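Protein chains in written order, with our numbering: chain P, 22 to 825; chain W, 73 to 236; chain A, 2 to 294.
Okay, structure coming up:
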């Protein structure tokens, strides 16, 4: 499917959304102004674990302008608990703590006042008595028998645990010439968008509708909100035309919206909750995977990996939304891009008295890729093999697709070796090595790191039934409605929110391609949840596939209709007419034609000229299921996870100052294959951003907790986001292995860059440290951590590698 | 609650227009611009002076408007993102370059980023890449990885053609 | 994160500001650039009842050059000092320190005096002031007193400034002599962050490269900037060799009592100080050899 055949797809095009943003005319949650709005400030628990014994709010309520001081007791009686992603209803969660606080930062009381400042003033007058309880902060301690239990009703801190065995693991291990075991630690970080979560809810008493404007990126948000508020689904209207200021997974403000929704109905005025940064970091429940991997690779003398055992233990904090499922998604790419024949995978999801974890870009794939790639590096080093050569010996070959991996997912298409070559081709290895040596001659440590990583895409979230057999969800649909109006102008409606992925650009490009009209003339709107068709939101890198596919589907039906009207009116069979740029003519007699305007008029006004039985007007919807989706997992946990598989390879040159531990990235190349790119600028942009996210996780970002469960990095002074001085120039080289499963051969790529960068940066740093005999297998690799690794290199504590 | 927080009369020129208001001393300049004047183009990201989303031009220089109280701006002149376009319906060369080079995604850091970049260009008409990186080092972005932003500034400053 | 309520007074003169301070004592706080104070007020860590704005007092701004010192008004913007080409040659260490201070936006508002009074142990200007033995002019309704940097910085975020006093000017001593050189270095995780450790050095060599005068200090490794006049005096009369630099820096760092935090342990900070100390000694010597004014 060569790109030369496309007119608009794959071309440089200015994103439609940009004009309003550069003019400062964005419409973000905090920009929404409703008449007579009240504002919320939150009082959070100072303790990681405590009984709440008294809440005294009379002094706060006495302040003029204060309208409510809401406690968990009242809220919990009026709403239903929030959804738990696994089968553990006893791990009950409400927006406000009731009786017990389970993490420092948990929301205990919501104060509502005429202004945010006044609400904060009044919050200081609320008196809360706590009885501190023992807290568990370390996840390995949390699975010990004598640990404090975060949810006594559930009885254990292990909210999910399952060991999967796919293929002949025991045999493969017995036969293997070598095994090598190691542990890596992916610290708790998250995508931390610059915009915090915000929501305004307004209850329309006369129509009995709750209007919601939120900075949201979440599947089934309107439904879950309605359910928690005990409202029918058609009483909640979520306005998806709110611009979301970045999310990359984390904007799941269901507790914020339930809180604001309840207050809006109770008080009869719009209620607005915009997290300030302190509330967001500590109590916004948007922290990411916090994971330790214990991995053993079994391989032969040539470095071919035959089998892998992986135990992943993840600290999800004090409550569970979808967080445990982030151990499930990587099942769909558990062997990475390699031909590993058998896998044993144990996933353990643990509760602790910390801020809850939420979906982060990649939904667990980035840490898993880091764990797998670390293994490749270690195996190469152990055998004395070049790490690129080792990968070549293990990469699935381009002629092996579709390729079925042991855990039941089929990879649709790919050419991993070529993408790796392209990444390596940006700066030839010989030159990288010369630059590395120059850095070394200046007294620095320097190293080159490579990663080759899968980017599953398409969001078939079959990890839901995989991790919770009671959840039989196999439908992961999305939709689009396309309309041609009386004037002949085209409008498309999409049914979910956008947080920087340029969906309006995506849809108009696709519709323009199918209808052969200029995409800039096509308007794309975000429908609200009551007038929208079903969607499952932009998660799992699914929109290019699903929304792109739906837009194309609707446009194709419209085009077919236009052709049918033309054929009928020109008096020829359908096979005799040709569609070109919106007009239709008889193939053999091109002068016999009908223009776009004529065809539109017939459709809308001239019923007597429509083919019999045809629906009048020109509007078509397309709702479709994710390709390859729709099946429940097998008994042994095999399932087709995502349909399409993008791929990335990173090559990094890094230096480490041995005296200060500071890392600098000198060269950064990415080879990237996401099939046919509908909007290359958008894909590249997200890839650059993903690399920066991964860099942050690799080198500086961490939600650090004290031993008694206090978040120590709760501001931007301590939780460090990479700036323009830390992110190097990145060069991307594209490759295209189209997907056989999609309309244009596109795959998804919203998680690009992030899924492979931490692995590559870690490899580069370790390559730099290797001549000293030092290594570092925990992120982030801060100056302190690197210096400690160097200091400990001779003490035998360096890593926990065991190789036989 | 008590006698503190007495309203103060201020007069500020914003994007060339004079405004007169009585405000609470504790109202930050960014909250004033957004809530009092309805200029919601400037954004709040951290309220503690790190992320730069609130960057505006204040008496000719880019500053963090979350680190200043509106009362401190009495008698001063401010330019926000809404004041960067040369006229209604047109984009400045920098704004145009941002669109051309895909220098934004979610748009949240963009207003502050544009102010920081425009301030650089006003001082240094042909900046080097290093100068651009330094000029935006106080503006955090989570979407772009900065590369296309830098490309946009270099693109805007190496073109002589007018944009619109 | 909205500040607690306060009353705002824009000082019309120095005298006015001092009167308010005298009247309200600990309940009043001066605001200049506000880059540190306003965020603290937003987090309600600082809650003055009265905020006295001295930003517009021209009497507190400006730079005057005298024979052996540069007098800087306390409300002089960091940006103005940074861009002052004349100051680069007279106060090279201050220019070097400023390159590390925050970001452009913060230097556009931040003042020299504000940073000194805020006295963050990791901040660059307090370190430069300590190394150069700056003299700080504190004025109250009772008059002016001049405090040496060594006495001014008393602990983390804590200086000799009394509640009723305002820092009005800083005298920065100028080292005259042909071969004067300085260097400033720090290690932080990101550009513009507070340092995990920092080091500053200024020294003078004679024509033969022999050290005539030297000052060395560390930041971020104790409650206040640390200077080592007696220790570095051992360098006078000798060349600054790599070994001498290493030994002095190591000795100096061992005298510091850094704290632990999530970014760096005490021992790492001490190690960094030794590394940076060695680097700035050698760099300053290199600059001194190349200089001639």
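Beta carbons: idealized from backbone N, C-alpha and C, even for Gly. For clarity, every value in this text was computed on a predicted model and none was experimentally measured.
{"Item": "Within 10 angstroms of its Cβ, does residue 27 of chain W collect 16 or more other Cβ (buried), or is it exposed?", "Value": "In this structure chain W extends from 73 to 236, so residue 27 of chain W is not present and cannot be described."}
{"Item": "With DSSP as the reference, label residue 252 of chain P as helix, strand or coil.", "Value": "coil"}
{"Item": "By how many angstroms is the C-alpha of residue 57 of chain P removed from the C-alpha of residue 136 of chain W?", "Value": "29 Å"}
{"Item": "At a CB-CB cut-off below 9 Å, which residues of chain W make contact with residue 260 of chain A?", "Value": "Residues of chain W passing the Cβ test: none, with the nearest at roughly 21 Å."}
{"Item": "Under 6 Å Cβ to Cβ from residue 583 of chain P, same chain only, skipping five residues before and after it: list those, please.", "Value": "620"}
{"Item": "By alpha-carbon positions, which one of P/470, P/464, P/767 and P/440 ends up nearest to residue 454 of chain P?", "Value": "P/470"}
{"Item": "At a Cβ cut of 9 Å, what residues of the segment 138 to 168 of chain W count as close to chain A, listed as they run along the chain?", "Value": "138, 139, 140, 141, 143, 144, 146 and 147"}
{"Item": "Verify the CB distance criterion: does residue 804 of chain P have a CB-CB separation below 8 Å to chain A?", "Value": "yes"}
{"Item": "In or out: residue 818 of chain P buried (at least 16 other Cβ within 10 Å) or exposed?", "Value": "The pLDDT assigned to residue 818 of chain P is 48, lower than 50, so where the model puts this residue is not dependable, and the model offers no usable value."}
{"Item": "Output yes or no for whether 8 Å exceeds the beta carbon distance between residue 30 of chain A and residue 98 of chain W.", "Value": "no"}
{"Item": "Below 7 Å between beta carbons is the criterion; list the residues of the segment 87 to 108 of chain W that meet it against any residue of chain A, in chain order.", "Value": "97 and 98"}
{"Item": "Considering only residues of the same chain and omitting the five flanking positions on each side of residue 81 of chain W, which have a CB-CB separation below 6 Å?", "Value": "94"}
{"Item": "Mark residue 464 of chain P as exposed unless 16 or more other C-beta atoms lie within 10 angstroms of its C-beta, in which case mark it buried.", "Value": "exposed"}
{"Item": "Kindly indicate which residue of P/726, P/706, P/718 and P/406 has the alpha-carbon position closest to the one of residue 752 of chain P.", "Value": "P/706"}
{"Item": "Would you list the one or two residues that DSSP bridges to residue 167 of chain A?", "Value": "A/140"}
{"Item": "Checking contacts by CB at 8 Å: is residue 729 of chain P closer than that to chain A?", "Value": "no"}
{"Item": "Cα separation between residue 203 of chain W and residue 141 of chain A?", "Value": "43 Å"}
{"Item": "Quick check: what's the CA-CA separation for residue 137 of chain A versus residue 196 of chain A?", "Value": "24 Å"}
{"Item": "Quick one: using the 10 Å Cβ neighbour count with 16 as the cut-off for buried, is residue 542 of chain P buried or exposed?", "Value": "exposed"}
{"Item": "When Cβ atoms are compared, which residues of the segment 168 to 189 of chain W fall closer than 7 Å to chain P?", "Value": "170, 171, 172, 174, 176, 177, 178, 179, 180, 181, 182, 183 and 186"}
{"Item": "What is the DSSP secondary structure of residue 694 of chain P, counted as helix, strand or coil?", "Value": "strand"}
{"Item": "Got a sec: which bits of the segment 732 to 752 of chain P sit with their beta carbon under 9 Å from any beta carbon on chain A, in order along the chain?", "Value": "733, 734, 736, 738, 739, 741, 742, 743, 744, 745, 746 and 747"}
{"Item": "Would you mind telling me which residues of chain P sit closer than 9 Å to residue 123 of chain W, beta carbon to beta carbon, in chain order?", "Value": "215, 298, 737 and 742"}
{"Item": "Would you mind sorting residue 308 of chain P into buried or exposed? The rule is 16 or more other CB atoms within 10 Å of its CB.", "Value": "buried"}
{"Item": "Can you say whether residue 124 of chain P is buried or exposed, counting buried as having 16 or more other CB atoms within 10 angstroms of its CB?", "Value": "buried"}
{"Item": "Below 7 Å on C-beta distance, what does residue 520 of chain P contact in chain W?", "Value": "178"}
{"Item": "Quick check: is the beta carbon of residue 234 of chain P nearer than 8 Å to any beta carbon in chain B?", "Value": "Considering every chain present, this structure includes no chain B. Its protein chains are P, W and A."}
{"Item": "Let me know if residue 628 of chain P comes out buried or exposed under the rule of 16 or more other beta-carbons within 10 Å of its beta-carbon.", "Value": "exposed"}
{"Item": "Taking the alpha carbon of residue 744 of chain P as the point to measure from, which residue in P/764, P/760, P/108 and P/714 has its own alpha carbon closest?", "Value": "P/714"}
{"Item": "Flag this pair as yes or no: are the beta carbons of residue 473 of chain P and residue 437 of chain P separated by less than 8 Å?", "Value": "yes"}
{"Item": "If you count every other CB in all the chains shown that lies within 10 Å of the CB of residue 449 of chain P, and 16 or more means buried, which is it?", "Value": "exposed"}
{"Item": "Tell me the rounded alpha-carbon separation between residue 8 of chain A and residue 144 of chain W.", "Value": "12 Å"}
{"Item": "Short of 7 Å Cβ to Cβ, which residues in the segment 205 to 218 of chain W face chain A?", "Value": "207, 209 and 210"}
{"Item": "Within its chain, find whatever has a CB closer than 8 Å to the CB of residue 409 of chain P; leave out the 5 residues flanking it on each side and keep chain order.", "Value": "441, 445, 450 and 471"}
{"Item": "Locate the alpha helix (DSSP H) running through residue 283 of chain P, then write down its first and last residues.", "Value": "275 to 288"}
{"Item": "Are the segment 357 to 370 of chain P and the segment 332 to 340 of chain P touching by the rule of at least three beta carbon pairs closer than 8 Å?", "Value": "yes"}
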